[in-house]
Amino acid sequence: MTELRAEARELLSKAERVVVLTGAGVSAESGVPTFRDATTGLWRSHRPEDLATPEAFRRDPELVWSWYQWRRRLVGRCEPNAGHLAIARFALAHGHVDLVTQNVDGLHHRAALTAALETSPPKDPLPAFPTELHGALMRDRCSGCGLRSDAAPTDGPEAGPDVRVPVARCSECRALLRPDVVWFGEALDVSALEDAFTAAAEADVCLVVGTSSLVYPAAGIPRAALGADRPVIEVNMEATPLTPHATYTLNGPAGRILPELLAT
Ligand code: BV8
Ligand code: ZN
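Residue 0 is where the sequence shown starts when you use numbering that gives the first Met the number 0, and the numbers rise one by one after that.
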């Protein structure tokens, strides 16, 4: 283990309160394309910023819905990776970890359930459940009455750039359903965001994993830690706007670095 990594590991093992912020990079090794990864599937012909917006849904609801149905089917075939599990195990062993994610894929949730069952008697998975700042891919919300429900099934023809699927409708008011995620230009849940900023400013260490640190307000969370002179550890494959400010930057895949960094 490098000197740097040993110091970062020491910091985490001694920390009372830890905030972990994750982005799409933590799910990359599970096979979930990242937002920067515009080379796969439907994403090749469309930029996420152009599809993940209320305007796009108003303009062409079936295209946006098909993109989400394509993503749901893809994510449904993915499993939490060693990075998700390392975070979940650490959160269950450590007891005071605030896990905040920008991801909507639900893999942190699934990792928490897996890690909780690894002990006998099984632990309560709650301490390893994430705050999902940008919502959940596997949940729908009615664009009319706001009713939330589990995601509509993705069986039938696989949605994709040429195969559109009809938008599901609300069982209550028949308005179009939409994925229960936060689109660009939409507000995040204010209390969840405030809690994340407060936790970061009071944490003994903030661990930032697999995010390009480009999307706000989430990208401001590690800045709140730095603003309160709290150390920030960044795990990423490449440099980001956070890198020059991070206390430690560990370059490499989260699935390889996190099990070593968070081993209890
Ligand atoms: C808001 C859910 C205000 C949907 C997402 C103009 C108009 C309107 C708003 C704005 C504007 N200009 C700026 C803004 C603000 C905007 C913004 O920040 N835009 C960016 C593009 C500049 N933000 C918003 O719009 C937010 N809302 O500001 O509202 C408001 C206030 C009050 C009232 C009304 C409005 C909402 C932002 C949330 C958008 N929704 N997701 C969906 O998923 O479909 S964002 C989505 O993109 C993700 O959730 C994530 O947050 C973001 C992608 O970022 P990352 O997760 O970092 O992923 P990325 O691919 O970028 O990077 C992956 C990283 O992992 C890379 O660094 C890579 O090196 C690394 N990596 C890869 N593999 C690995 C790895 N690391 C480790 N291991 C590996 N194996
Ligand atoms: Zn409805």
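Where is the CB? At the ideal position from N, CA and C, for every residue including glycine.
May I ask you to list the residues that DSSP assigns as paired with residue 131?
-> According to DSSP, residue 131 shares a beta bridge with 100.
For the alpha helix (DSSP H) containing residue 12, list its first residue and its last residue.
-> Counted as a single uninterrupted DSSP element, the alpha helix (DSSP H) harbouring residue 12 occupies residues 2-13.
Residue 5 to residue 88 span [Cα, whole Å] = If you take the alpha carbons of residue 5 and residue 88, they lie about 19 Å apart.
What is the DSSP secondary structure of residue 49, reduced to helix, strand or coil?
-> Here DSSP, grouped into helix, strand and coil, assigns residue 49 to helix.
Taking the CB atoms as reference points, tell me whether residue 103 and residue 131 lie closer together than 8 Å.
-> Yes, the pair counts as a contact, with Cβ atoms nearer than the cut-off.
For the beta strand (DSSP E) that residue 67 lies in, which residues bound it at each end?
-> From DSSP, residue 67 is part of no beta strand (DSSP E) but of the alpha helix (DSSP H) over 60-75.
Quick check: the region 28-36 against the region 118-125, are there 3 or more CB pairs under 8 Å?
-> Using a C-beta cut-off of 8 Å, the region 28-36 makes no contact with the region 118-125, since fewer than three inter-stretch Cβ pairs fall below that distance.
Mark residue 31 as exposed unless 16 or more other C-beta atoms lie within 10 angstroms of its C-beta, in which case mark it buried.
-> Residue 31 comes out buried.
Are there 16 or more other CB atoms within 10 angstroms of the CB of residue 243, so buried, or fewer, so exposed?
-> Around the beta carbon of residue 243, fewer than 16 other beta carbons sit within 10 angstroms, so the residue counts as exposed.
The beta strand (DSSP E) with residue 21 in it runs from where to where?
-> Secondary structure note for residue 21: its beta strand (DSSP E) is the uninterrupted segment 17-21.
Quick one: measure Cβ to Cβ for residue 101 and residue 217, integer angstroms, because I've assumed they're closer than 8 Å.
-> The Cβ separation is near 5 Å, so the contact holds.
Could you spell out where the alpha helix (DSSP H) holding residue 258 opens and where it closes?
-> Note, residue 258: alpha helix (DSSP H), 253-260.
Taking residue 148 as part of the beta strand (DSSP E), name the residues at either end of that continuous run.
-> Per DSSP, the unbroken beta strand (DSSP E) holding residue 148 starts and ends at 147-149.
Simplified DSSP assignment, three categories, for residue 221 = Looking at residue 221 - three-state DSSP - the assignment turns out to be helix.
Figure out for me which residue from 263, 189, 66 has the closest Cα to the Cα of residue 153.
-> For residue 153, the closest C-alpha among the options 263, 189, 66 is that of 66.
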